[in-house]
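Trainee: Numbering (the working numbering), first residue to last: 255 to 409.
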């Protein structure tokens, strides 16, 4: 049985490290983990302040969305190039952008199912103790939620 990895990235500091970890695990391998899907998830944008000019807010949201998409596409191309430079064959690396909105964890699991992946590779963002207390990361949520996938957490 051929294995397939879904590498979830968000453009943060751990994204490249997470992709490199997956690449090192797959480099030169024809049977273990020959395919990698690099899946970019968008971190939600905070809502606009109530009372703001709705037309200006919509224009700003559209501009931010275009900029985020362009930056994500560039990052995915860079990560794919890096993975290939680490020895993974180009035909075995694909990239995909997530939907713009929605639950990040559900999007990752849906993408893993759609691509027939059996392993999800995700980076863990380092936070302060207060940050750990106040907000649970997507990686930690995936680890605690039964999903039927092998999870590699890159710290």
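Just so you know, even glycine gets a beta-carbon here, dropped at the ideal spot from N, CA and C.
Would residue 309 be called buried (16 or more neighbouring beta carbons within 10 Å of its own) or exposed?
Mentor: exposed
Trainee: CA-CA distance, residue 348 and residue 373?
Mentor: 15 Å
Trainee: Run through DSSP, which three-state label would residue 278 get?
Mentor: In this structure, residue 278 counts as helix in the three-state DSSP scheme.
Trainee: Below 8 Å, can you find three or more Cβ-Cβ pairs linking the stretch 330 to 347 to the stretch 263 to 271?
Mentor: Three or more beta-carbon pairs drawn from the stretch 330 to 347 and the stretch 263 to 271 are found closer than 8 Å, and the two stretches are therefore classed as touching.
Trainee: I'd like the ranges of any beta strand (DSSP E) spanning at least 3 consecutive residues and lying wholly in the stretch 292 to 360.
Mentor: Look at the stretch 292 to 360 and you find these whole runs of beta strand (DSSP E), each 3 residues long or longer: 347 to 351.
Trainee: Count the other CB atoms within 10 Å of the CB of residue 329; is the residue buried (16 or more) or exposed (fewer)?
Mentor: buried
Trainee: So what's residue 409 in DSSP terms, helix, strand or just coil?
Mentor: coil
Trainee: Only counting the same chain, and skipping five residues up and downstream in sequence, which positions put a Cβ closer than 6 Å to that of residue 411?
Mentor: The chain is shown only over 255 to 409; residue 411 falls outside these bounds and no answer can be derived.
Trainee: Closest to residue 401 by CA distance: which of 366, 409, 324 and 262 is it?
Mentor: 366
Trainee: Provide the residue span of the beta strand (DSSP E) that contains residue 373, from first to last.
Mentor: 373 to 377
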